[in-house]
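Data first, discussion second: the structure below is written as structure tokens.
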Amino acid sequence: MPDTVGGHPEKADAPPPARTLDEAIARAHEIIGEALDRFPIVARQALMSGGNDSTVLAHLVRPYLDSSEHDAIVHVNTGIGIEQTRQYVRDTAAGWGLPLRELHPRDSYDALVLGRVIARTGPNAGRRQVWMGFPGPAGHRVMYRRLKDEPLQRNRAAILGSAGRSRKVLYLAGMRWDESQRRFRNAAEIDPQGGIVWCSPIVHFTNAQMHEYRRRYGLPCNEVADLLHMSGECLCGAYAKPGELDEIEAWYPNTAYRIRSLEKQAADLGIKNCRWGQKPAGATIKPGSVAGRLCSSCPAPTPGQTDLFDTWAKQGLITAEQTSKLAGATAPRAA
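All residue numbers for the sequence shown refer to the numbering used here, where the first residue is 3 and numbers rise by one.
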């Protein structure tokens, strides 16, 4: 096997996929074993978003989460997600008898959107907002760093203190090469970064192997992921597709109401980018840009993207009349 530690493998050089699920599982344990052998790990933590992939990952790594007081399932509560997903993670961790650490960002999504977070470092410290308005693709990096990366880094610091060279936190994550081109560019089997060692044990699992694993072990399902085809743990809206907020509202009206209320607050303050999920005027997206390793559901919308209303209708979840009504609701609203 090529040594991928510290690097992001090119697609052409990727190892061939395991032919069977058992081979894929064996390789996953080899990857974890390699990380534990190479680095002075003092805490093993499995990152669980609530999506189907993270459920497989958490189930597979359960035997590794009992060596220290810091071992746990970790869920980053971004503050702008669907509550049912958060509860799914809590229930799943409790059902498996695993400790859960629910992390929260220092700066809230609302405060970022409303321009209430002032830079603390750099040339703009104390003088300029970190961000203002709903992000759109151009603001994804800011949202990722503030809502996901910051609480994970703070968690790492709380465990290690200043001993980042002699001790490491192992973050076990569910990134996979087969998931998307965006994920492929951003996933290595083992990737050390300071006091954190990122490890992706199921990086080589194919989509078929993921389905087989869930069937074999009868894993629970998050209804949010089944209905919306995403975990719903972060709805920053940076890469939202047209009509996505209406899809969310169809099943989770409280979440949609919270977002629409924030839209009104932004509009009342005269903030230009006051619509969730809309690309700010003049904003550009660099082709192939990667903003965060933990954002599996954040690719830019593509032509011909699956319409969830049609999917729900085919599955018998909504009637033809509801389909027509919901589809009509996705038309752009007046500013």
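Every residue gets a Cβ at the ideal spot worked out from N, C-alpha and C, and that includes glycine.
Remember, predicted model here, so these are calculated numbers, not experimental data.
Own chain residues within Cβ distance below 7 Å of residue i, not counting five before or after
{"i": "C297", "result": "Y146"}
{"i": "S98", "result": "The sequence shown places Trp at residue 98, rather than the Ser named in the question. Within the same chain, W98 has close Cβ partners R64."}
{"i": "Q267", "result": "L116"}
{"i": "Q183", "result": "Because Q183 carries a pLDDT of 49, less than 50, the predicted location of this residue cannot be relied on, and the following value inherits that uncertainty. Nothing meets the Cβ criterion."}
{"i": "R29", "result": "A20 and H206"}
{"i": "A258", "result": "L247, I250 and E251"}
{"i": "E104", "result": "H77 and N79"}
Option nearest residue i by Cα separation, candidates the options
{"i": "G239", "options": "V115, D180, P255 and Q86", "result": "V115"}
{"i": "A227", "options": "M50, E265 and A121", "result": "M50"}
{"i": "R130", "options": "G138, V119 and P137", "result": "V119"}
{"i": "L230", "options": "P244, W253, P222 and Y241", "result": "W253"}
{"i": "Q389", "options": "G35, R40, R158 and S110", "result": "The first residue shown for the chain is 3 and the last is 337, placing residue 389 beyond what the model contains."}
{"i": "H213", "options": "R29, T57 and G35", "result": "T57"}
{"i": "R164", "options": "G197, V132 and D93", "result": "The amino acid occupying residue 164 in the given sequence is Ser; Arg does not appear at that position. Out of G197, V132 and D93, G197 has the C-alpha closest to the C-alpha of S164."}
{"i": "L221", "options": "R40, R262 and D93", "result": "D93"}
Residue i and residue j closer than 8 Å at C-beta
{"i": "P107", "j": "P42", "result": "no"}
{"i": "Y219", "j": "H31", "result": "no"}
{"i": "A95", "j": "H72", "result": "no"}
{"i": "I273", "j": "M177", "result": "no"}
{"i": "I192", "j": "I33", "result": "yes"}
{"i": "N54", "j": "R216", "result": "yes"}
{"i": "K170", "j": "V205", "result": "no"}
{"i": "I84", "j": "G234", "result": "yes"}
{"i": "L59", "j": "L174", "result": "yes"}
{"i": "R143", "j": "D109", "result": "no"}
{"i": "G224", "j": "G52", "result": "Strictly speaking, residue 224 in this sequence is Asn, with Gly absent from that position. The answer is yes: Cβ separation under 8 Å."}
Exposed unless 16 or more other CB atoms sit within 10 angstroms - verdict on residue i
{"i": "Y2", "result": "Residue 2 lies beyond the range of the chain shown here (3 to 337); nothing can be said about it."}
{"i": "A140", "result": "buried"}
{"i": "D248", "result": "buried"}
{"i": "T123", "result": "exposed"}
{"i": "P137", "result": "buried"}
{"i": "P203", "result": "buried"}
{"i": "E246", "result": "buried"}
{"i": "E25", "result": "exposed"}
{"i": "R277", "result": "buried"}
Own chain, CB closer than 6 Å to residue i, minus 5 neighbours either side, in chain order
{"i": "D180", "result": "T208 and N209"}
{"i": "R21", "result": "none"}
{"i": "K150", "result": "V78 and L296"}
Whole-angstrom C-beta distance between residue j and residue i, which should lie under 8 Å
{"i": "L38", "j": "L67", "result": "Actually they are not in contact, since the Cβ atoms of L38 and L67 sit about 13 Å apart, beyond 8 Å."}
{"i": "C201", "j": "L162", "result": "Wrong, their Cβ atoms sit about 16 Å apart, outside the cutoff."}
{"i": "L237", "j": "I82", "result": "5 Å"}
{"i": "L23", "j": "Q155", "result": "Their Cβ separation, rounded to whole angstroms, is 34 Å, which puts L23 and Q155 out of contact at 8 Å."}
{"i": "D112", "j": "L264", "result": "6 Å"}
Close Cβ partners of residue i (< 8 Å) along its chain, the five nearest in sequence each way excluded
{"i": "G128", "result": "I120, A121 and R122"}
Chain B contact for residue i (CB, 8 Å cutoff)
{"i": "R129", "result": "Absent from the structure: chain B. Only one protein chain is present."}
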